[in-house]
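Just below is one structure, and these are the notes that go with it.
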Amino acid sequence: MNLPDSMYAMVLEAANHPLIYKKVPVPHPAPQEVLIKVIACGVCRTDLHIADGELKHPALPLIPGHEITGIIVKAGAEVTLLKEGDTVGVPWLGYTCGHCRYCIKGQENLCENAKFTGYSIDGGYAEYTVAHQHYCFPLPSQYANPSGAPLLCAGLIGYRSYRKISEQANKIGIYGFGGAAHILTQVAVAREKEIYAFTSPGDTAAQKLAKKLGAVWAGDSIHPSPVKLDAAIIFAPVGKLIPKALADTDKGGTVICGGIHMSDIPAFPYDLLWEERTIASVANLTRLDGEEFLALAPEIPVRTEITVYKLEEANKALEDLRHGNINGAAVLAISE
Ligand SMILES: [Zn+2]
Ligand SMILES: [Zn+2]
């Protein structure tokens, strides 16, 4: 295949500045890497935290984006698992060392030497990207398009968050109903769980989407839950939702925080935590999460609600995400 020397990309040159649409060289795959023609790349709240400087160590200048669907156009000399023409998904976890104390324990999501797509290595806000062969997932064909992109982070983080709560939990509250929540709801409803969706006050579009996907209740997050919850998952980056979710949660319940960044948590009375409630966070993903979730998604089948933007509209997508103007997930559609 004849590959171009240069490509368009959206580049973050400094935090708190808009991304710049510019021509950059097409990257060369290292021996263990594949070169991917990007079909689409999801726009995740983490990208906003990176662009806003809330995550401190982006590899600038940086091409963000870690919910990539694409097709392999060139394989590095030592690639054995994938080949030209394969459709793949590329997630946030871009590399782990395999030998630190976390990798050895099977907790590669906490690897001390990890690299993250669209943060410590360039991501998918571009026409092409490279990825290590061991950190791409073969992508079922029905997801090799813009609708599949949100599975690669919103889907995976939602799934990992869901796995952290007890299988016995039936009444599950979800706080913040965007990309992750709308996918997770489909997974949980397929397992006959009751979903209670808490949105920003007045976000009737998100509440309507939650009901459409099978939530038994949807309403404003400022109201108390109509029932005591067995578990709560918080996706909104809002620290005051932690005491709120604890107050909504029954004895022995779990509150999981699915985001990478959150505003400060206000002080709250110990009574809210007492009676064996727990709070935990979810960080990154393991490749096993990805393999499990991408096998499960077509069975349900998970369908994503997306708002599509062009590559050069990434700044608009980020602003719409910031202001809660996206129903479901935002995706940059980059090539056919
Ligand atoms: Zn490691
Ligand atoms: Zn993400």
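In my numbering, the protein residues as written are 1 to 336.
The beta-carbon is built from N, C-alpha and C at its ideal position, and this holds for glycine as well.
Being a predicted model, the structure only gives us computed values, none of them experimental.
Proximity below 9 Å, CB of residue i to CB of residue j
i           : j           : result
residue 37  : residue 73  : yes
residue 174 : residue 230 : no
residue 54  : residue 150 : no
residue 153 : residue 181 : no
residue 130 : residue 24  : no
residue 30  : residue 119 : no
residue 225 : residue 198 : yes
residue 109 : residue 163 : no
residue 19  : residue 88  : no
residue 232 : residue 253 : yes
residue 315 : residue 10  : yes
residue 5   : residue 26  : yes
residue 176 : residue 221 : yes
residue 209 : residue 327 : yes
residue 65  : residue 106 : no
residue 215 : residue 249 : no
residue 251 : residue 277 : yes
residue 332 : residue 313 : yes
residue 95  : residue 115 : yes
residue 144 : residue 71  : yes
residue 128 : residue 3   : yes
residue 121 : residue 302 : no
residue 352 : residue 287 : What is shown of the chain runs 1 to 336, which leaves residue 352 out entirely.
beta-carbon residue i near ligand 4 non-hydrogen atom, thresh 8 Å
i           : result
residue 136 : Among the ligands in the structure shown, ligand 4 does not appear; only ligand 1 and ligand 2 can be found there.
Assumed close pair residue i, residue j - CB separation to whole angstroms, cut-off 8 Å
i           : j           : result
residue 293 : residue 259 : Not confirmed; about 18 Å, so no contact.
residue 8   : residue 126 : 7 Å
residue 12  : residue 61  : 7 Å
residue 156 : residue 271 : With 8 Å as the limit, residue 156 and residue 271 do not qualify as a contact, their Cβ atoms being about 35 Å apart.
residue 93  : residue 241 : In fact, because the Cβ distance is near 26 Å, the residues do not count as touching under 8 Å.
residue 63  : residue 335 : Their Cβ separation, rounded to whole angstroms, is 15 Å, which puts residue 63 and residue 335 out of contact at 8 Å.
residue 300 : residue 190 : 5 Å
residue 261 : residue 49  : 4 Å
residue 307 : residue 147 : Residue 307 to residue 147, Cβ: 11 Å. No contact.
residue 113 : residue 97  : 4 Å
residue 296 : residue 187 : 7 Å
residue 43  : residue 321 : 6 Å
residue 266 : residue 239 : 7 Å
residue 85  : residue 32  : With 8 Å as the limit, residue 85 and residue 32 do not qualify as a contact, their Cβ atoms being about 19 Å apart.
residue 317 : residue 330 : 4 Å
Paired residues, beta bridge with residue i - DSSP
i           : result
residue 220 : 199
residue 41  : 68, 332
residue 62  : 12
residue 231 : 172, 254
residue 36  : 72, 129
residue 162 : DSSP output for residue 162 lists no bridge partner at all.
residue 22  : 9
residue 308 : 331
residue 249 : 229
residue 194 : 171
Cβ-based burial, residue i [other Cβ within 10 Å; buried from 16]
i           : result
residue 337 : The first residue shown for the chain is 1 and the last is 336, placing residue 337 beyond what the model contains.
residue 158 : buried
residue 132 : buried
residue 165 : buried
residue 69  : buried
residue 104 : exposed
residue 237 : buried
residue 264 : exposed
residue 337 : Since the displayed the chain opens at 1 and closes at 336, residue 337 lies outside it and no answer follows.
residue 45  : buried
residue 341 : Absent from the model: residue 341. The displayed extent of the chain is 1 to 336, so no value can be given.
residue 213 : buried
residue 193 : buried
residue 206 : buried
residue 204 : exposed
Pick out the complete beta strand (DSSP E) segments inside the segment 261 to 301, 3 residues or longer, and give them in chain order. 278 to 281
Please give me, in chain order, every unbroken run of the alpha helix (DSSP H) with length at least 4 that falls completely inside the segment 83 to 145. 101 to 104
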